[in-house]
Amino acid sequence: MKSIVVIPTYNERENIGAMIDAVQSAVPGLHILVVDDNSPDGTASYVLERMKTDPSLDILQRPGKNGLGTAYCAGFTRAIENGYDIICQMDADFSHNPTDLTRLIEALKENDLAIGSRYITGVNVVNWSMGRLLLSYFANVYTHFITRMPIKDATGGFKAFRADVLRKINLDTIRSNGYAFQIEMNFRAWQGGARIKELSIIFVDRVNGTSKMSKNIVYEAAFLVWKLKIASLFGKV
Ligand SMILES: Nc1nc2c(ncn2[C@@H]2O[C@H](COP(=O)(O)OP(=O)(O)O)[C@@H](O)[C@H]2O)c(=O)[nH]1
Ligand SMILES: [Mg+2]
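This note's numbering applies: residue 125 is where the sequence shown begins, and numbers increase by one.
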């Protein structure tokens, strides 16, 4: 199976080198596609330099910061075009542990979407403020309550998809970005009949670099779950 992990970056120069090393030693042979939004800190030039000697590494460069959701959609589209069977997604900031990729990919033998979940066995989050933790936790309770999607952590960004699941979703029509993007992808996969498996992971807040999370991302997600719910009632999702 041809497999790849898509890693979006915005100002991740401090992390990306070690992240590429860690992914490659965790899952030998896994290809990496970095989607960089012209990070002012030169993340892309670092990756381009490494690509000269590493054929398993690729980059998609976009002209400016255009949000996480569209970065993922562009990366997924490229991965589908290039014939990958398994397409993973993870952050560049070490919040997601690259060694968990093996379990996510393994789970695709019997599932179509594997989700790294922080909320299966209690709360597996390290170093977040109580405010941020409560926000994330209740965002998930709220999402579950409205959509009835059988997923405990619908806002996480550490996943593995069978390419078929992504092919079925019309990626060009996705407009959501932050938490909302993760929820929307799960919802569309679920509505499309994907077999979904959650695996427990430990999420650790970043040590280097800064978060791009904002208040708008929360409002966007709060609104989106209603949009999905209503669209699904009318058979539009
Ligand atoms: N290409 C791209 N990557 C982004 C954008 N916003 C965030 N990222 C990346 O997405 C990942 C998650 O973002 P992060 O700021 O850590 O969000 P948080 O973990 O919710 O605080 C990191 O690898 C970021 O560099 C964006 O607009 N474009
Ligand atoms: Mg982060």
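Just so you know, even glycine gets a beta-carbon here, dropped at the ideal spot from N, CA and C.
Cα-Cα, which of 193, 338, 125, 235 is closest to residue 215?
193
Please state whether DSSP places residue 286 in a helix, a strand or coil.
Correct three-state label for residue 286: strand.
Examine ligand 1 and report whether any of its heavy atoms sits within less than 7 Å of the Cβ of residue 132.
yes
Is the separation between the beta-carbon of residue 270 and that of residue 353 shorter than 8 Å?
yes
Going by DSSP, name the residue or residues bridged to residue 165.
Note: residue 165 sits in no beta bridge, so no partner.
Do you know whose CA, among 137, 166, 181, lies nearest residue 153's CA?
181
Compute the Euclidean distance between the alpha carbons of residue 195 and residue 305, then round it to the nearest angstrom.
11 Å
Rounded to the nearest angstrom, how far is the Cβ of residue 221 from that of residue 243, given a contact under 8 Å?
About 16 Å separates the two Cβ atoms, so there is no contact after all.
Under three-state DSSP, which class holds residue 359?
coil
Can you give, in chain order, each stretch of the alpha helix (DSSP H) that sits fully within the stretch 204-266 and has at least 4 residues?
List check, alpha helix (DSSP H) in window: 225-231.
Taking Cβ to Cβ, would you say residue 362 is nearer than 8 Å to residue 309?
With the chain covering only 125 through 361, there is no way to say anything about residue 362.
Could you tell me how far apart the beta carbons of residue 137 and residue 170 are, in whole angstroms, since I believe they sit closer than 8 Å?
Between the beta-carbon of residue 137 and that of residue 170 there is about 6 Å, and that keeps the pair under the 8 Å contact cut.
Are residue 343 and residue 287 closer than 8 Å when you measure CB to CB?
Not in contact: residue 343 and residue 287 (Cβ atoms no closer than 8 Å).
If you follow the alpha helix (DSSP H) that residue 300 is in, where does it begin and where does it stop?
Premise fails: residue 300 is in no alpha helix (DSSP H) and is neither H nor E.
Can you tell me which of the three DSSP states residue 159 falls into?
Three-state DSSP puts residue 159 in a strand.
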